[in-house]
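Visitor: When we follow the numbering used here, the leftmost residue of the sequence shown carries the number 4, and every step to the right adds one.
Each residue gets a CB set at the ideal place from its N, CA and C atoms; glycine is no exception.
Okay, handing you the structure first.
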Amino acid sequence: MTRILTFNYEYPPLGGGGGYLCRDVMEEFVSQGHEVTVITSAFADLVEQETVNGVEILRVPVLARKGQNSASILSMLSYY
């Protein structure tokens, strides 16, 4: 078993194609027996830490996120 840590600014239910692609790849790793953690941005009432389909998701605060499907340069820079 390999432990995999991934950083992705958006992860479902936030964002669009990149986040969903990341989710699909991470869930495939889980199905192959790997331990997967994703660190992503927080928004509104999403929980800080949860496990979904075997993927541990950690959400970190960011500045000035405009909405669930949009982000500002400031919020993206504060994530990194």
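#1: Just grab the DSSP bridge partners of S44 for me.
#2: Alpha carbon to alpha carbon, how far is L8 from T40?
#3: Between which two residues does the alpha helix (DSSP H) carrying L24 extend?
#4: Does DSSP put E53 in a helix, in a strand, or in coil?
#5: Any beta carbon of chain E sitting closer than 8 Å to that of I42?
Guide: Inspection of the coordinates gives the following:
#1: V63
#2: 5 Å
#3: G20 to S34
#4: strand
#5: The structure shown contains no chain E; it is built from a single protein chain.
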